[in-house]
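Asks:
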Amino acid sequence: MVQCLNPVMSFGKTKMKPTLAIDLAGLKLKNPVMVASGTFGYGPEYADLVDLNKLGAIVVKGISLEPWGGNRTPRIVEVPAGLINAIGLQNPGTRGFTEKYMPFLRKFDVSVIVNIWGKTLEEYAEVAAWFDTVEGVHALEVNISCPNIKAGGSSFGTHLDSTARVVAAVRARTKLPIIPKLAPNVSDIGAFAKVCENNGADAISLINSFPAMAIDIETRKPILANVSGGLSGPAIHPIAVKLVYEVAKVVQIPVIAIGGITSAREAIEFIIAGASAVAVGTANFTDPLTSLQVIEGISDYLVRHKMKCVQDLVRSIKT
Amino acid sequence: MVQCLNPVMSFGKTKMKPTLAIDLAGLKLKNPVMVASGTFGYGPEYADLVDLNKLGAIVVKGISLEPWGGNRTPRIVEVPAGLINAIGLQNPGTRGFTEKYMPFLRKFDVSVIVNIWGKTLEEYAEVAAWFDTVEGVHALEVNISCPNIKAGGSSFGTHLDSTARVVAAVRARTKLPIIPKLAPNVSDIGAFAKVCENNGADAISLINSFPAMAIDIETRKPILANVSGGLSGPAIHPIAVKLVYEVAKVVQIPVIAIGGITSAREAIEFIIAGASAVAVGTANFTDPLTSLQVIEGISDYLVRHKMKCVQDLVRSIKT
Amino acid sequence: MRIEKGTVASHELMGTEYRVLRLTLPEVAATAQPGQFIHLRIASLHDAVLRRPFSIYKVEGQELSILYKTIGRGTATMQSLKVGDTVSIVGPLGNGFPLTVDSGATPVLVGGGYGVAPLYFLARRMAQRGILFIGGAKAVDILLADDFNKLGWNVRIATDDGSLGEKGLVTTPLDAWLITETGKVIPKFYACGPNGMLKAVGDRAIKGNWKAWLSLDRHMGCGVGACLACVQKVRLNGQNTVARVCKDGPVFESRDVIWED
Amino acid sequence: MRIEKGTVASHELMGTEYRVLRLTLPEVAATAQPGQFIHLRIASLHDAVLRRPFSIYKVEGQELSILYKTIGRGTATMQSLKVGDTVSIVGPLGNGFPLTVDSGATPVLVGGGYGVAPLYFLARRMAQRGILFIGGAKAVDILLADDFNKLGWNVRIATDDGSLGEKGLVTTPLDAWLITETGKVIPKFYACGPNGMLKAVGDRAIKGNWKAWLSLDRHMGCGVGACLACVQKVRLNGQNTVARVCKDGPVFESRDVIWED
Ligand SMILES: Cc1cc2nc3c(=O)[nH]c(=O)nc-3n(C[C@H](O)[C@H](O)[C@H](O)COP(=O)(O)OP(=O)(O)OC[C@H]3O[C@@H](n4cnc5c(N)ncnc54)[C@H](O)[C@@H]3O)c2cc1C
Ligand SMILES: Cc1cc2nc3c(=O)[nH]c(=O)nc-3n(C[C@H](O)[C@H](O)[C@H](O)COP(=O)(O)OP(=O)(O)OC[C@H]3O[C@@H](n4cnc5c(N)ncnc54)[C@H](O)[C@@H]3O)c2cc1C
Ligand SMILES: Cc1cc2nc3c(=O)[nH]c(=O)nc-3n(C[C@H](O)[C@H](O)[C@H](O)COP(=O)(O)O)c2cc1C
Ligand SMILES: Cc1cc2nc3c(=O)[nH]c(=O)nc-3n(C[C@H](O)[C@H](O)[C@H](O)COP(=O)(O)O)c2cc1C
Ligand code: FES
Ligand code: FES
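Residue numbers (my numbering), protein chains in the order written: chain A, 2 to 320; chain B, 2 to 320; chain C, 33 to 293; chain D, 33 to 293.
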């Protein structure tokens, strides 16, 4: 359950500043603003520019059991109000990440959510088991938008049964809060959210980027070496708002909204639609200070609307 | 089958101008550039600005059996690189359209494709039957992204079985070429295209707009009276290219690509990805001359790349 | 209706919150009628897919002017248009105000904010002179009063905060005038402004059995009648139906408009 | 690395196809090293989500300059930046060129197009003088030759069409020079330009058993090492791995780069 941490107290002490702190599925967050997986590295990359202690949480780039090389370049291409990326989930693997980056992350007073993925059910389970005992890891975000090798490469996250199995497998191997991250390219997102909830998810995050592609008409080749990739950025925000609204309707567990946030406005839209927290992705590239501006902007909004606590805004949509 | 109409001849006569004319599922088109349903009215609206005789085809606003009033206002809202619309399929019905607009459309030398929809299978069938005998109607585009009243309002186009039934029902009642228009919010678009092909579709068009919504954070109300609507415009183009590419891989019938075309570049991208024709939608609002510019631009491109005929470009993607 | 490239001839502030954009636009200007509007594309707002509608405020030879207020990202971007820049215009659009007033009748104009823009164009094209009631929140929202005076129009002003003219809604001076003039004149109303004002004027017209021509404001997609984004419930020869504000309007007679709330 | 608002101090054409943008940018300028770059946000390109990377061309006190060529929508929009405008900059980014050259060795710079920009910054910061080879398609692509001369550098030019200097690739004069100088000098290469040029310089360095510092050019997302968009296959202490051009580069020694084709 999400709850507003002692509003009155912090209300009193910080001259009418509303509290942004929330308890999300057991995670204590200073505020509901995270940085999205894959857009903020593992922590150190933006640390010169962004005070990590100010963030609600850092969701690190997706980690798999073994190190993974990712795709060939070009890996990104800019499109109107967005970006298509095909990084290919490059990462140093569970051990590499834990040894190289966890010591750094532990130095900060910020929740660390590790985004995990696998090519098989077993891999998801192994990765979850590994992090269950790693000090300083507060939760696992489970990226189910990955090709299921044993099922001919179609994504785990676009089939209810494989989604259920991934969540159950991860649940079985860790006591950490688990947050399945939904794929957006399904016709009934609510059903997928429900399946996650029924299989032990503590929260849901959405959306991941949209399958998309761009072609160089002069060479007639796909611009990305991987042919297609995932669309992110402002372009997908209105779709994400609709999906978040649908998911928040059917699940009891908290929702973390992602997709096209560039300012407090889009974050507040998500919260009103039903999100308990949000994550800033592509906008970190446009302006590394976006996440901090979103935190400030939400606070200002609550003051302007005379609200004690951000939780009062969640799913406050009037229809 | 799509074929290039006597390239050599028109090649000779118009000083090296490539031919854009194609035969698409029996439809003879001057060029592969159409105007998309709902963005160009019924013909007269833009006739002062655009010479209708220059277009490949006009796809008129969706028609249902009886007149339909549509949604309350606001019906549209602009978003980054796009537009969300919830017009609600307002239209004068089969008789109203035929009496009020067909006499006007018959005066032009342009293919007329009527976009049809229904709230039930029977309605789809009735509308198809009506137009089967209407002079001047060259083909039917079947909008399957409509709520299936009898199935609790979930869209026909997001279930394989209801998609199959709609296409079969329409096929049974008309000899006109039928072109199912796919909903984009499915995880395996290829399967939907295949089902259409197997049930007698002569071509496939995609994509329709994406379910999306926007919220006014000051009032906390959805901006659209209908709460949610469909996202269109440049924002969805990279997603549409990917979906067109997937569909062209699995079907033999021609594909008509729609989504975010603002210039020849996006149209050519679609054709390279596998489309035999394209339709310009939202861009008609931005610049009513877009469709004509796209036609010119494709012609220039073919000259620059020394191609005799636009058909040579279809699915010429190098992967 | 045409699509034409307009060249910015001048672009100046009017008061503190409004601007006048004068465009060299020969073809559109040639046929423009009071109450019609143009659809302007703000090309430098790269991610905007919609044009912006603006009433025609003035036509002088080949030049057409609009009077606008900055309220969002489009109008904010318009502010940077410089003399010599070109903008794509579609227009003139919609049906304007009827220009003829039967002898004996008095044209009564009611406007708020930028709503006076089409009324000024109307006043310049009308044979008769009459009276204008301007309403607004503050003094800065009261525009063109002197210009109407120069044309020989009688002008009455009301502001919510009383910073100019009478304190209150524009209906305050309007009703006062109607009482003193009852029987003496047959008013014919022309109004452009917020829905509340339009409805108030319409109610008085219907009550007094006069005519009131109201210019409506709706969010628009195409501006030419194609997209059905801008519809308004109306009563046309007894029948309830939906009209397109951009094409069938923006001007409607008060009895034809079905107000929803 | 910092994020700082830069103010445009000047913005001028260099030749016909390049421009120099001079920014007042005290904090970034203070620590900038030759070979490093900045990430510039073009705010008026509303629908762009990515910044644009540019090598640092000059640092004079609090002012930092870049030298750019217009090749697409971002750089096209940059052209309209006026003196006094502000732009958001992230920088300095990446690892630059090693500044020290062992005594006896001769710095040999090889640049193409805007590739001379970081080399010029390098030349100004180096104790030694040496020789510069500039290549380009046409005469207009040959930049800064006189400026390098003024700094006391020897300059050799080659253009594909022979419109300036020798006809052919930059390797033509380079190879000629290497032959005449073999044994006499120990060249240490610094190169920035198209991959073909970088590879060619690298090959010569490896063959001659010299060092070559190559500045790579990759499409970038974050510019700070977070997104892994800009990777390059490299060999680091015997191990094949992937490096981030933005963070681990953009400058690599020729032996470390694994060229794919
Ligand atoms: C027939 C007609 C005549 C008009 N005449 C004038 C005039 O003479 N002077 C003037 O200042 N304004 C006029 N308006 C209003 C003007 O169109 C809006 O102020 C303008 O579109 C706002 O654009 P924006 O991008 O700055 O605002 P934003 O709020 O950023 O625009 C977002 C979207 O909403 C639409 N929108 C916002 N407000 C309005 C509105 N009031 N009416 C219609 N669409 C709106 C915009 O067109 C855009 O599509 C007129 C509107 C109509 C329909
Ligand atoms: C480390 C580094 C240093 C550079 N230094 C300079 C310099 O000093 N002067 C100069 O003129 N240019 C330099 N470039 C290239 C410059 O970044 C591109 O010319 C610029 O990004 C083009 O942007 P655009 O929007 O005009 O082009 P578009 O083609 O419209 O850009 C589309 C996308 O592709 C990217 N892109 C296009 N070309 C390049 C390229 N060659 N390298 C990287 N990204 C590209 C853009 O950043 C953008 O994300 C440098 C690039 C890098 C990586
Ligand atoms: C370059 C890049 C890399 C990403 N890598 C991951 C990843 O490793 N795991 C994951 O679950 N999502 C990943 N994402 C998706 C983002 O976390 C986010 O869901 C998506 O970008 C939508 O948010 P945005 O529009 O704010 O960017 C990545 C996105 C980008 C742009
Ligand atoms: C205002 C509006 C009305 C539309 N009405 C219909 C319709 O009646 N039937 C239909 O099949 N598609 C309709 N569409 C969808 C378009 O035909 C097209 O599929 C979609 O807008 C994507 O193309 P675009 O990005 O070029 O606009 C409508 C789109 C818009 C913007
Ligand atoms: S704006 Fe499209 S019909 Fe009026
Ligand atoms: S650009 Fe993001 S890692 Fe280099």
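Every residue gets a Cβ at the ideal spot worked out from N, C-alpha and C, and that includes glycine.
#1: Along the chain, which unbroken stretches of the beta strand (DSSP E) at least 3 residues long are found entirely within the segment 78-145 of chain B?
#2: Mind listing the chain D neighbours of C/D79? Cutoff is C-beta to C-beta under 8 Å, in chain order.
#3: Closer than 9 Å, CB to CB, is A/G288 near chain D or not?
#4: Measuring only the C-alpha atoms, how far is A/R316 from A/I259?
#5: Where the beta carbon is closer than 7 Å to any heavy atom of ligand 5, which residues qualify, in chain order?
#6: How far does the alpha helix (DSSP H) with A/H238 in it reach, from first residue to last?
#7: Of all Cβ atoms in chain F, is any one closer than 9 Å to the Cβ of B/G260?
#8: Of all Cβ atoms in chain B, is any one closer than 9 Å to the Cβ of C/G257?
#9: Identify, in the order they occur along the chain, each residue of the same chain with its Cβ nearer than 6 Å to the Cβ of C/L183, setting aside the five sequence neighbours on each side.
#10: Hey, would you say A/I296 sits closer than 9 Å to A/L25, going by beta carbons?
#11: Does DSSP classify B/V9 as helix, strand or coil?
#12: May I have the straight-line CA-CA distance separating A/F211 from D/L210, to the nearest angstrom?
#13: From the DSSP output, in three-state form, read off A/D24 for me.
#14: Assign C/W185 to one of two classes, buried (16 or more other C-beta atoms within 10 Å of its C-beta) or exposed (fewer than that).
#15: Would A/G71 pass as a contact of D/V263 if the rule is Cβ separation under 9 Å?
#16: Fully enclosed by the segment 164-208 of chain B, which alpha helix (DSSP H) runs are 4 residues long or longer?
#17: Please indicate yes or no: does the CB of C/I98 lie closer than 8 Å to some heavy atom of ligand 1?
#18: Could you check the C-alpha separation between D/V202 and D/I189 for me, to the nearest Å?
#19: Flag A/R172 as yes if its beta-carbon sits less than 9 Å from any beta-carbon of chain D, otherwise no.
#20: Under 9 Å, Cβ to Cβ, is there at least one residue of chain A near D/E292?
#21: Mind pulling the chain D residues with CB within less than 9 Å of A/A82?
#22: If you draw a straight line from the alpha carbon of A/E247 to that of B/R76, how long is it in whole angstroms?
#23: Taking only the alpha-carbon atoms, compute the straight-line gap between C/D288 and C/D207 and give it to the nearest angstrom.
#24: Report the CB separation of B/T175 from B/L141 in whole angstroms; it is logged as a contact under 8 Å.
#25: Under 8 Å from any heavy atom of ligand 2, does the C-beta of D/Y50 make it?
#26: Can you find the residues in the same chain that come closer than 7 Å, C-beta to C-beta, to C/V60, ignoring five residues on each side of it along the sequence?
#27: On the criterion of 16 or more Cβ atoms from any shown chain inside 10 Å, does D/W291 qualify as buried, or is it exposed?
#28: Could you give the residue range of the beta strand (DSSP E) that holds D/R267?
#29: Does DSSP put B/I259 in a helix, a strand or coil?
#30: With a Cβ-Cβ cutoff of 9 Å, do C/C254 and C/A149 count as a contact?
#31: Please check the pair D/P282 and D/G145, which I expect to be a contact at CB under 8 Å, by giving their CB distance rounded to whole angstroms.
#32: For A/N200 and A/T40, I'd like the C-alpha separation in whole angstroms.
#33: Would you please verify whether the beta carbon of B/L66 is less than 9 Å from any beta carbon of chain C?
#34: Find out if the Cβ-Cβ distance for the pair A/T159, A/N186 is shorter than 9 Å.
#35: Can you check whether the CB of D/V233 is closer than 9 Å to the CB of D/L246?
#36: By the 10 Å Cβ neighbour count, where 16 or more other Cβ atoms means buried, how is A/I150 classified, buried or exposed?
Replies: With the given structure in hand:
#1: 83-86, 112-117, 140-144
#2: Within the third sequence, the letter at position 47 stands for residue 79 of chain C. By Cβ distance, chain D contributes H78, D79.
#3: Residue numbering aside, residue 288 of chain A sits at position 287 when the first sequence is read from its first letter. It is worth fixing the name first, because residue 288 of chain A is Asp in this sequence and not Gly. By this cut-off, A/D288 is an interface position.
#4: Counted from its first residue, the first sequence places residue 316 of chain A at position 315. Counted from its first residue, the first sequence places residue 259 of chain A at position 258. Computed Cα separation, rounded: 16 Å.
#5: C/M252, C/G253, C/C254, C/G255, C/V256, C/G257, C/A258, C/C259, C/L260, C/A261, C/C262, C/R276, C/V277, C/C278, C/K279
#6: Translated into the one-based positions of the first sequence, residue 238 of chain A becomes position 237. Per DSSP, A/H238 belongs to the alpha helix (DSSP H) from 238-251.
#7: Although the question refers to chain F, the structure presented lacks it and instead comprises the protein chains A, B, C and D.
#8: Locating residue 257 of chain C in the third sequence gives position 225, where the first residue counts as 1. It does: the Cβ of C/G257 has a partner Cβ on chain B nearer than 9 Å.
#9: The residue you call residue 183 of chain C lines up with position 151 of the third sequence. A155, listed in sequence order.
#10: As a first step, residue 296 of chain A must be located in the first sequence, where it is residue number 295. As a first step, residue 25 of chain A must be located in the first sequence, where it is residue number 24. No, the pair does not count as a contact, with Cβ atoms beyond the cut-off.
#11: Counting from 1 along the second sequence, the entry for residue 9 of chain B is found at position 8. Residue placement at B/V9 is flagged as unreliable, the pLDDT there being 45, under the threshold of 50; a coordinate-derived value is accordingly withheld.
#12: As a position in the first sequence, residue 211 of chain A is number 210, starting the count at 1. As a position in the fourth sequence, residue 210 of chain D is number 178, starting the count at 1. About 53 Å.
#13: Here residue 24 of chain A corresponds to residue number 23 of the first sequence, with the count starting at 1. A/D24 falls in the strand class under three-state DSSP.
#14: The residue labelled residue 185 of chain C in the question sits at position 153 within the third sequence. C/W185 comes out buried.
#15: Translated into positions along the first sequence, residue 71 of chain A becomes position 70. Translated into positions along the fourth sequence, residue 263 of chain D becomes position 231. Yes, they are a contact pair.
#16: 190-199
#17: Mapped onto the third sequence, residue 98 of chain C falls at position 66. Yes, ligand 1 has a heavy atom inside 8 Å of this Cβ.
#18: Within the fourth sequence, numbered from 1, the residue matching residue 202 of chain D stands at position 170. Within the fourth sequence, numbered from 1, the residue matching residue 189 of chain D stands at position 157. Those two C-alpha atoms are separated by around 7 Å.
#19: In the first sequence, residue 172 of chain A corresponds to position 171, counting from 1. Taking Cβ atoms only, chain D never reaches closer than 9 Å to A/R172, which makes this a no.
#20: Residue numbering aside, residue 292 of chain D sits at position 260 when the fourth sequence is read from its first letter. Answer yes: the Cβ-Cβ gap between D/E292 and chain A drops below 9 Å somewhere.
#21: Sequence index remark: in the first sequence, residue 82 of chain A carries index 81 (1-based). Residues of chain D passing the Cβ test: H78, D79, A80, V81.
#22: Position 246 of the first sequence, counted from the first residue, corresponds to residue 247 of chain A. Position 75 of the second sequence, counted from the first residue, corresponds to residue 76 of chain B. Going by the C-alpha atoms only, they are around 20 Å apart.
#23: On the third sequence, position 256 is the one that residue 288 of chain C refers to. On the third sequence, position 175 is the one that residue 207 of chain C refers to. Their backbone Cα atoms lie some 23 Å apart in a straight line.
#24: Position 174 of the second sequence, counted from the first residue, corresponds to residue 175 of chain B. Position 140 of the second sequence, counted from the first residue, corresponds to residue 141 of chain B. Contact flag correct, Cβ pair sits at about 6 Å.
#25: Here residue 50 of chain D is taken as the residue at index 18 of the fourth sequence, counted from 1. Yes, ligand 2 has a heavy atom inside 8 Å of this Cβ.
#26: In the third sequence, the residue the question calls residue 60 of chain C occupies position 28. Cβ within range, chain order: R34, E36, I70, L96, I121, G123, P124.
#27: Here residue 291 of chain D is taken as the residue at index 259 of the fourth sequence, counted from 1. Exposed.
#28: On the fourth sequence, position 235 is the one that residue 267 of chain D refers to. Per DSSP, D/R267 belongs to the beta strand (DSSP E) from 263-268.
#29: Residue numbering aside, residue 259 of chain B sits at position 258 when the second sequence is read from its first letter. The answer is strand: DSSP assigns B/I259 an E or B state.
#30: Counted from its first residue, the third sequence places residue 254 of chain C at position 222. Counted from its first residue, the third sequence places residue 149 of chain C at position 117. No, they are not a contact pair.
#31: On the fourth sequence, position 250 is the one that residue 282 of chain D refers to. On the fourth sequence, position 113 is the one that residue 145 of chain D refers to. Going by Cβ atoms, the distance from D/P282 to D/G145 rounds to 15 Å, so no, they are not a contact pair.
#32: The sequence position of residue 200 of chain A within the first sequence is 199, counting from 1. The sequence position of residue 40 of chain A within the first sequence is 39, counting from 1. The alpha-carbon atoms of A/N200 and A/T40 are separated by roughly 28 Å.
#33: Taking the second sequence and counting its residues from 1, the one referred to as residue 66 of chain B is at position 65. Chain C contact via Cβ: absent.
#34: Stepping through the first sequence from its first residue, residue 159 of chain A is reached at position 158. Stepping through the first sequence from its first residue, residue 186 of chain A is reached at position 185. Going by C-beta atoms, A/T159 is nearer than 9 Å to A/N186.
#35: Within the fourth sequence, numbered from 1, the residue matching residue 246 of chain D stands at position 214. Within the fourth sequence, numbered from 1, the residue matching residue 233 of chain D stands at position 201. Yes. Within cutoff.
#36: For this step, residue 150 of chain A is matched to residue 149 along the first sequence. When all chains shown are included, A/I150 counts as exposed.
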